[in-house]
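Here is the structure we will look at.
There are 2 protein chains.
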Amino acid sequence: MTTIDDVARAAGVSVSTVSYALSGKRPISAPTRARVERAVRELGYRPHAGARALASQRTNVLALMAPLRVDVNVGVIMQFVTGVVTRARDFEHDVLLLTQDDLAGVDRVAAGSMVDALIMMDVEAEDPRLPLLRRQKQPAVLIGLPRDPQGLSCVDLDFEASARLAVDHLADLGHRQIALVGSPHLVLERRTTYAQRMVHGFTTETARRGIAGLFVPCESSHAGAVDAVDRVFDQLPDVTALVVHNEVALPVVLATLRERGKEIPRDISVVAVCPEDVAVGQQQPLTAVDIPAMTIGSVAVDMAAARLDGDQPAETRLLSPVLTVRASTGPAPA
Amino acid sequence: MTTIDDVARAAGVSVSTVSYALSGKRPISAPTRARVERAVRELGYRPHAGARALASQRTNVLALMAPLRVDVNVGVIMQFVTGVVTRARDFEHDVLLLTQDDLAGVDRVAAGSMVDALIMMDVEAEDPRLPLLRRQKQPAVLIGLPRDPQGLSCVDLDFEASARLAVDHLADLGHRQIALVGSPHLVLERRTTYAQRMVHGFTTETARRGIAGLFVPCESSHAGAVDAVDRVFDQLPDVTALVVHNEVALPVVLATLRERGKEIPRDISVVAVCPEDVAVGQQQPLTAVDIPAMTIGSVAVDMAAARLDGDQPAETRLLSPVLTVRASTGPAPA
DNA sequence: TAATGTCATCGAAGCGCTTCGACGCAACAG
DNA sequence: CTGTTGCGTCGAAGCGCTTCGATGACATTA
Numbered sequence: 062m063t064t065i066d067d068v069a070r071a072a073g074v075s076v077s078t079v080s081y082a083l084s085g086k087r088p089i090s091a092p093t094r095a096r097v098e099r100a101v102r103e104l105g106y107r108p109h110a111g112a113r114a115l116a117s118q119r120t121n122v123l124a125l126m127a128p129l130r131v132d133v134n135v136g137v138i139m140q141f142v143t144g145v146v147t148r149a150r151d152f153e154h155d156v157l158l159l160t161q162d163d164l165a166g167v168d169r170v171a172a173g174s175m176v177d178a179l180i181m182m183d184v185e186a187e188d189p190r191l192p193l194l195r196r197q198k199q200p201a202v203l204i205g206l207p208r209d210p211q212g213l214s215c216v217d218l219d220f221e222a223s224a225r226l227a228v229d230h231l232a233d234l235g236h237r238q239i240a241l242v243g244s245p246h247l248v249l250e251r252r253t254t255y256a257q258r259m260v261h262g263f264t265t266e267t268a269r270r271g272i273a274g275l276f277v278p279c280e281s282s283h284a285g286a287v288d289a290v291d292r293v294f295d296q297l298p299d300v301t302a303l304v305v306h307n308e309v310a311l312p313v314v315l316a317t318l319r320e321r322g323k324e325i326p327r328d329i330s331v332v333a334v335c336p337e338d339v340a341v342g343q344q345q346p347l348t349a350v351d352i353p354a355m356t357i358g359s360v361a362v363d364m365a366a367a368r369l370d371g372d373q374p375a376e377t378r379l380l381s382p383v384l385t386v387r388a389s390t391g392p393a394p395a
Numbered sequence: 062m063t064t065i066d067d068v069a070r071a072a073g074v075s076v077s078t079v080s081y082a083l084s085g086k087r088p089i090s091a092p093t094r095a096r097v098e099r100a101v102r103e104l105g106y107r108p109h110a111g112a113r114a115l116a117s118q119r120t121n122v123l124a125l126m127a128p129l130r131v132d133v134n135v136g137v138i139m140q141f142v143t144g145v146v147t148r149a150r151d152f153e154h155d156v157l158l159l160t161q162d163d164l165a166g167v168d169r170v171a172a173g174s175m176v177d178a179l180i181m182m183d184v185e186a187e188d189p190r191l192p193l194l195r196r197q198k199q200p201a202v203l204i205g206l207p208r209d210p211q212g213l214s215c216v217d218l219d220f221e222a223s224a225r226l227a228v229d230h231l232a233d234l235g236h237r238q239i240a241l242v243g244s245p246h247l248v249l250e251r252r253t254t255y256a257q258r259m260v261h262g263f264t265t266e267t268a269r270r271g272i273a274g275l276f277v278p279c280e281s282s283h284a285g286a287v288d289a290v291d292r293v294f295d296q297l298p299d300v301t302a303l304v305v306h307n308e309v310a311l312p313v314v315l316a317t318l319r320e321r322g323k324e325i326p327r328d329i330s331v332v333a334v335c336p337e338d339v340a341v342g343q344q345q346p347l348t349a350v351d352i353p354a355m356t357i358g359s360v361a362v363d364m365a366a367a368r369l370d371g372d373q374p375a376e377t378r379l380l381s382p383v384l385t386v387r388a389s390t391g392p393a394p395a
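Protein sequence lines, in the order shown, are assigned to chains A and B.
Going by my numbering, the letters in the first sequence line up with residues 62 to 395, in that order.
Going by my numbering, the letters in the second sequence line up with residues 62 to 395, in that order.
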């Protein structure tokens with residue numbers, strides 16, 4: 062292994078000069094810096110991460126805790142992760158991946174000084190990780206919105222506003238009976254707040270506009286989706302529009318509607334709440350509220366970075382939803 | 062931060078005694094060990110990862126390079142990752158996540174001594190990462206099979222055998238015209254070997270058994286899947302069985318078959334090659350060759366671990382496929 | 001000419017841990 | 001009673017880096 066000593070010797074300078082030349086934390090004359098850089102290149106020198114972390118109190122790694130279960134929406138998670146990893150590189154950071162259930166992991170990586178900051182996905186209302194996070198010296202960023210975010214940064218799509226946006230779009234088209242096909246029971250029971258916030262926004266907005274609004278949970282399986290559609294028609298026979306907030310179920314819901322003889326958007330309009338690629342990848346392109354998963358991931362990193370060197374206080378950011386009209390919504394049938 | 066010195070002081074022993082008490086690398090008397098452990102508990106001591114890495118040449122972290130693109134099969138990747146992360150914990154290791162395109166990452170984390178070993182997913186025949194990997198001091202495990210694995214451990218499902226298994230199952234049921242609906246063009250062009258191995262196994266086995274075998278690539282989109290089905294009927298009008306090795310397309314292929322008036326398995330049999338949960342989660346449970354993604358991930362970790370402390374030489378392991386008969390295959394129509 | 005200031009560089013301490021060699025002590029053999 | 005062995009513990013070196021204070025060279029000013 063080539064060390065900073067080797068570089069110093071090769072460049073004919075002291076170790077500290079090499080360090081300063083590379084970090085730029087003190088002025089080094091151009092010729093000296095050139096010699097150092099040359100030596101670095103020729104020897105293929107890489108600073109030892111552990112030694113650096115020990116001396117500088119910085120690891121250049123951040124922890125990402127992601128739900129690797131199968132029941133949640135794999136595609137969205139992947140995009141979050143991609144956003145985080147990609148943006149982290151812009152800040153010269155790598156990403157240590159923890160699983161959601163690894164509660165001890167928070168302590169292990171934070172107290173063990175393995176990371177500079179932590180990002181947690183899929184936060185629940187009373188998430189058991191929050192107390193752990195609060196007592197670490199590293200800043201934490203939550204993707205999601207717990208009941209009490211005290212001391213922790215949060216970022217998420219504004220799901221209440223998303224629901225409103227979807228309802229308004231449909232209401233403006235004349236729809237008066239709208240159903241929300243949402244997350245599985247389990248997700249709601251876990252008190253994952255995005256699901257709750259969606260339902261809440263939907264309920265209040267339909268109420269506000271004097272519209273019949275029905276919420277049905279929907280399991281993420283073929284059967285679950287078919288069942289959800291059936292329940293909608295059962296409980297709201299004259300429904301003319303659906304808001305679907307469940308990616309896995311989405312294609313099945315569409316197929317089932319067609320099977321039941323409903324043409325989209327002639328007989329029934331559909332607004333999806335999902336990432337853009339899912340919305341346009343269906344049999345027909347769907348009007349949708351975009352879940353900008355990658356953006357959220359990268360914003361999370363930005364927020365972590367801000368707290369690392371700016372030591373700003375924690376803040377909460379809710380991203381404004383954007384609805385894109387495509388082929389799946391139209392005026393309510395007469 | 063509480064350090065090993067604090068623990069030593071609290072326990073009334075020397076620093077080295079604490080270290081040995083915790084690592085077990087030298088005998089420490091029971092009472093002393095108890096005092097150390099008590100101090101550790103009371104102070105909430107966690108060794109500093111960087112310091113430990115510096116002194117011991119072990120980081121207890123392994124790198125996992127995963128394709129976070131969207132075009133590949135997200136679900137399978139997630140399962141690999143889960144397998145790796147979960148198994149890594151059994152060996153007291155954490156996982157650093159790199160993206161596939163981050164070629165420089167190999168050097169950064171390996172030469173920078175951030176990890177003890179590397180695991181690379183989605184390896185191509187002439188993968189550009191291989192030379193980089195070979196010159197690192199850390200062992201590497203590939204998920205996939207490059208043309209020349211020299212010096213690197215490999216693990217994957219035996220896709221040639223999988224194809225054979227699928228073909229044999231169908232041939233034994235009397236099918237004489239079989240099509241393989243496979244990976245997208247791009248994946249093949251990238252020379253991702255699982256796709257090639259699948260095609261090769263399919264081609265040789267159909268030939269060996271004197272069966273008409275047709276391979277059609279299939280893009281991972283609704284339109285792509287529909288198109289693939291059309292091409293199959295175009296080029297092999299009397300086809301009675303399909304092998305589908307493309308998870309994303311799978312549901313669309315099934316739907317399209319039905320739309321074309323083909324009932325499964327009465328008119329046409331289908332063998333999927335996909336993870337079990339995908340096979341059973343379709344509208345009807347599918348006969349399938351399981352892709353044991355999680356197992357492969359955990360085997361990869363096992364292989365890495367073996368090379369870490371046993372310093373066994375590199376080896377290649379191809380997992381034997383298992384075909385499970387479900388509702389989508391039956392005798393060839395007369 | 002001496003005092004002052006600037007700039008580039010150096011030396012050394014120290015980050016927190018592991019590990020090697022040494023040491024004291026008790027048990028045992030000769 | 002001395003010599004040997006083995007167990008449990010300690011001290012110190014060293015892992016590779018960052019950073020602080022000091023220093024020397026040189027230019028600037030009084």
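We put the beta carbon where it would ideally sit given N, CA and C, even for glycine.
>> So with CB distances below 7 Å, who are the chain A contacts of B:Q344?
In response: H283
> Comparing alpha-carbon positions, which option in B:L218, B:V341, B:Q238 and B:A286 lies nearest B:L379?
Replying inline: B:L218
>> By the three-class DSSP mapping on this structure, what secondary structure does A:E98 have?
In response: helix
> Using a Cβ cut-off of 7 Å, which residues of the segment 359–393 of chain B contact any Cβ in chain A, in chain order?
Replying inline: none
>> Quick check: is the beta carbon of A:D163 nearer than 8 Å to any beta carbon in chain B?
In response: yes
> Any contact of the segment 152–169 of chain B with the segment 142–155 of chain A, i.e. 3+ C-beta pairs under 8 Å?
Replying inline: yes
> What three-state label does DSSP hand A:L234 in the structure shown?
Replying inline: coil
> If we count the other Cβ atoms within 10 Å of its Cβ and call it buried at 16 or more, is A:M62 buried or exposed?
Replying inline: exposed
>> Below 9 Å on C-beta distance, what does A:A114 contact in chain B?
In response: H109, A110, G111, A112, A114 and L115
> Terminal residues of the continuous alpha helix (DSSP H) containing A:G396?
Replying inline: Not covered by the structure: residue 396 of chain A. The range shown for chain A is 62 to 395.
> Leaving out the 5 sequence neighbours to the left and right, which residues in its chain are closer than 7 Å to B:L234 when beta-carbon positions are compared?
Replying inline: S330, T390, G391, P392 and A393
>> Please state whether the Cβ-Cβ distance between A:G166 and B:A110 is less than 8 Å.
In response: no
> Which residues in chain A sit within 8 Å of B:S80, going by Cβ to Cβ distance?
Replying inline: In chain order: nothing, as chain A lies at least about 15 Å away.
> So what does A:D183 bridge to, in DSSP terms?
Replying inline: The partner list for A:D183 (beta bridge, DSSP) is empty, contrary to what the question assumes.
> Just the Cα atoms here: how many angstroms apart are A:H246 and A:S281?
Replying inline: 10 Å
> Assuming A:V228 and A:R169 make a contact with CB atoms under 8 Å, what is their CB distance in whole Å?
Replying inline: With 8 Å as the limit, A:V228 and A:R169 do not qualify as a contact, their Cβ atoms being about 44 Å apart.
> Looking at the unbroken beta strand (DSSP E) that takes in A:S214, where does it start and where does it end?
Replying inline: S214 to L218
>> With the cut-off set at 8 Å, would you say A:G262 and A:R225 are in Cβ contact?
In response: yes
> By the 10 Å Cβ neighbour count, where 16 or more other Cβ atoms means buried, how is A:A296 classified, buried or exposed?
Replying inline: A small fix is needed here, since residue 296 of chain A is Gln in this sequence, not Ala. By the 10 Å Cβ count, A:Q296 comes out exposed.
> Closer than 8 Å, CB to CB, is B:R150 near chain A or not?
Replying inline: yes
> Can you tell which of B:E320, B:K323 and B:A310 has the C-alpha that lies nearest to the C-alpha of B:A340?
Replying inline: B:A310
> Whose C-beta lies closer than 6 Å to the C-beta of A:A375 among residues of the same chain, with five residues either side of it excluded?
Replying inline: G212, L213 and S214
> By the criterion of Cβ-Cβ separation under 9 Å, what are the contact partners of A:L179 in chain B?
Replying inline: Those within 9 Å of A:L179 in chain B number zero; the least Cβ separation is about 13 Å.
>> Please state whether the Cβ-Cβ distance between A:L231 and A:I239 is less than 8 Å.
In response: yes
> What number of angstroms, rounded off, separates the C-alpha of A:D209 from the C-alpha of A:M182?
Replying inline: 16 Å
> Can you list, in chain order, the residues of its chain whose CB lies under 6 Å from that of A:V202, leaving out five sequence neighbours each side?
Replying inline: I180, S214, A361, M364 and A365
> In chain order, what residues of the same chain have a beta carbon less than 8 Å from the beta carbon of B:V277, not counting five sequence neighbours either side?
Replying inline: A240, L241, V242, G243, A289, R292, V293 and Q296
> Nearest CA to the CA of A:R148: which residue from A:R130, A:T385 and A:T356?
Replying inline: A:T356
> Between the C-alpha atoms of B:T385 and B:P298, what's the straight-line distance to the nearest angstrom?
Replying inline: 27 Å
> Do we get a CB-CB distance below 8 Å when we pair A:D155 with the residues of chain B?
Replying inline: yes
> If you measure from the beta carbon of B:L213 to each beta carbon in chain A, is any gap under 8 Å?
Replying inline: no
> Name the chain B residues that come within less than 8 Å of A:A340, Cβ to Cβ?
Replying inline: In chain order: nothing, as chain B lies at least about 12 Å away.
>> Please give the ranges of any alpha helix (DSSP H) in the segment 246–305 of chain B, keeping only runs that are unbroken, at least 4 residues long and fully inside the region.
In response: 246–250, 254–269 and 283–296
> Taking DSSP as the reference, what is the three-state secondary structure of B:M364?
Replying inline: helix
> Secondary structure at A:D351, three-state DSSP: helix, strand or coil?
Replying inline: strand
> Does the Cβ-Cβ distance between A:T254 and A:P207 come in under 8 Å?
Replying inline: yes
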